[in-house]
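Following this note's numbering from start to finish, the sequence shown increments by one per residue and tops out at 470. Even for Gly, the Cβ is constructed at its ideal location relative to N, Cα and C.
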Amino acid sequence: MSDNKIPYKIYLEENEMPKAWYNMRSDMKNKPAPLLNPGTGKPLTAEELSPIFCEELVKQELDETTPFIEIPEEIRNFYKMYRPSPLVRAYCLEEKLKTPAKIYYKFEGNNTSGSHKLNSAIAQAYYAKKQGLKGVTTETGAGQWGTALSMACSYFDLDCKVYMVKVSYEQKPFRREVMRTYGATVTPSPSMLTNVGRKINEQFPGTDGSLGCAISEAVEAATTQEGYRYVLGSVLNQVLLHQSVIGLETKAALDKVGVKADMIIGCAGGGSNLGGLISPFVGEMLRGENQYEIIAVEPASCPSFTRGSFVYDFCDTGRVCPLAKMYTLGSNFMPAPNHAGGLRYHGMSTILSQLYDDGYLKATSVKQTDVFAAAEQFARVEGILPAPESSHAIKVAIDEALKCKETGEAKNIVFGLTGTGYFDLVAYQKYNDGVMDDYIPTDDDIAKSLAKCPKI
Ligand SMILES: *Cc1c(COP(=O)(O)O)cnc(C)c1O
15 MSDNKIPYKI YLEENEMPKA WYNMRSDMKN KPAPLLNPGT GKPLTAEELS
65 PIFCEELVKQ ELDETTPFIE IPEEIRNFYK MYRPSPLVRA YCLEEKLKTP
115 AKIYYKFEGN NTSGSHKLNS AIAQAYYAKK QGLKGVTTET GAGQWGTALS
165 MACSYFDLDC KVYMVKVSYE QKPFRREVMR TYGATVTPSP SMLTNVGRKI
215 NEQFPGTDGS LGCAISEAVE AATTQEGYRY VLGSVLNQVL LHQSVIGLET
265 KAALDKVGVK ADMIIGCAGG GSNLGGLISP FVGEMLRGEN QYEIIAVEPA
315 SCPSFTRGSF VYDFCDTGRV CPLAKMYTLG SNFMPAPNHA GGLRYHGMST
365 ILSQLYDDGY LKATSVKQTD VFAAAEQFAR VEGILPAPES SHAIKVAIDE
415 ALKCKETGEA KNIVFGLTGT GYFDLVAYQK YNDGVMDDYI PTDDDIAKSL
465 AKCPKI
């Protein structure tokens, strides 16, 4: 198809939606290192995981060999309410930048939760329901995951208990109300409801909380209540598996208009949207069929890939969760209250960590004020008010498009626009008032936190 015939929005038909998720691990020669039991130091078995996670999700978590896992029809029907999501050719942004690059973005903000997280929330709620559970517990940072899970739980009539990082609970009261509207119970974390919450409050009085703390609380709440399991919105292999729907649709849409991506860019918090977006492309790289340049973008305030170490670490601050081998800043790392709440996690998906270590992807970090400048530029020409998290990818996509202007290259740049920023207007306000800061941790801060990683 000649370039100027590519529509602004490349849609797939309902019957072109993926019927199976793609499991990148099946094509990886170096598999991600297994989760370890913090007590024994041995790889976790399905039996040990099943008090925490639903059975079917345990299977998916541990499955390194099945390439495609069927998406149950009930989940596909739910997906049809907001999927396939559009792949947009950013003609207006290209024109504004006067770049020869061709920019595409996959927009995942077209649902009430406002992000890609619903893709995994509905899958996890479905398996919990199928197992006959009463409900699930979870943590949420900025609130996107909690919102997504509340929607998914109400659809399948499951109870939903959300531990919300305190700083977000206070900064984002509106997200809390969306969750309550969908029937969830929302508790600011660290709370006084769990042992681990009480301990963290004692150790760090007045703490703003972190995702790591909230995870510890949610896990404790799940394992101490009959009929409950814990669910997590990022980092885990099962979450990347569910999010592969983003990449599969992106690839199918690009194929439909005969475009090959040169560069794929995504923001990276725990790695789920990026892992999902790149999965079919990385699959081709792993099988030696194609080459792509892949860039993970993280905040300078929480730079796990670019300044962390690839070691075994706890997934949570309270050290109740398994150990994962990942790029980490240390489970004690308390990131500055950056406004991209969804990117404030100390570690990174074990799959992406292994791929990064093997050279399949690059990473870069960006400063908060530069991110908001890019968000504003994007909003003004493309008409979508982006989430601060997504704007990390926008920032690097714009930078890469400007490089193309210098070199005259017409690269096809694809990035993940993971969500909308309507609940992040306090952050936009700070930016507009010129009072947003750019906190960057010192080498000493990071070294101190990494020193507390277990020696394995
Ligand atoms: C949660 C979130 C992210 C980051 O999480 P990943 O698991 O790294 O994808 C990015 N964008 C938005 C809008 C989010 O809600």
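Residue burial classification, residue i (beta-carbon count within 10 angstroms, cutoff 16)
| i | result |
| --- | --- |
| E263 | buried |
| P490 | Residue 490 lies beyond the stretch modelled for the chain, which goes from 15 to 470, so this question has no answer here. |
| F188 | exposed |
| A461 | exposed |
| K94 | exposed |
| T154 | buried |
| M15 | Any reading at M15 needs caution, since the residue's pLDDT is 48, under 50, leaving its predicted position unreliable; the model's value is listed next. Burial call: exposed. |
| P219 | exposed |
| M38 | buried |
| T421 | exposed |
| Y183 | buried |
| P65 | exposed |
| D222 | buried |
| Q138 | buried |
| N352 | buried |
| L375 | buried |
| E122 | buried |
| T364 | buried |
| I470 | exposed |
| G397 | exposed |
| V440 | exposed |
| G241 | exposed |
DSSP state of residue i mapped onto helix, strand, coil
| i | result |
| --- | --- |
| N133 | helix |
| G160 | helix |
| P336 | coil |
| I214 | helix |
| P294 | helix |
| A228 | helix |
| V150 | strand |
| Y118 | strand |
| K444 | helix |
| V102 | strand |
| K144 | helix |
| K112 | coil |
| I89 | helix |
| Q305 | coil |
| E78 | coil |
| T364 | helix |
| F319 | helix |
| M1 | Within the shown structure, residues of the chain are numbered from 15 to 470, placing residue 1 beyond reach of any answer. |
| T372 | In the sequence under discussion, the amino acid at residue 372 is Asp, which differs from the Thr named in the question. In this structure, D372 counts as coil in the three-state DSSP scheme. |
| K462 | helix |
| T383 | helix |
| C68 | coil |
| S345 | coil |
Cβ-Cβ distance between residue i and residue j below 7 Å
| i | j | result |
| --- | --- | --- |
| I20 | R90 | no |
| A377 | K409 | no |
| G157 | K186 | yes |
| K419 | M277 | no |
| D327 | C467 | yes |
| T151 | A235 | yes |
| P46 | Q368 | yes |
| I427 | I117 | yes |
| F67 | R243 | yes |
| A401 | F429 | no |
| M31 | P86 | no |
| H360 | V385 | no |
| L26 | A275 | no |
| V253 | S286 | yes |
| E403 | L357 | yes |
| Q382 | D452 | yes |
| I214 | G261 | no |
Beta bridge counterpart(s) of residue i as assigned by DSSP
| i | result |
| --- | --- |
| A34 | E84 |
| A310 | G280 and A377 |
| Y326 | K339 |
| D173 | G149 |
| I454 | Its beta-bridge partners do not exist; DSSP assigns none. |
| L50 | P57 and L337 |
| I470 | Answer by DSSP bridge pairing: none, since I470 is not bridged. |
| K23 | V102 |
Practice item. Could you pull out every unbroken alpha helix (DSSP H) segment of at least 4 residues lying fully inside the stretch 386 to 440, listed in chain order? Key: 402 to 421
Check your understanding: In chain order, which continuous runs of the beta strand (DSSP E) of length 3 or greater are located wholly inside the stretch 233 to 279?
Key -> 242 to 244
Check your understanding: Taking the runs of the alpha helix (DSSP H) that are 4 residues or longer, which of them lie wholly in the stretch 175 to 211?
Key -> 180 to 185 and 187 to 195
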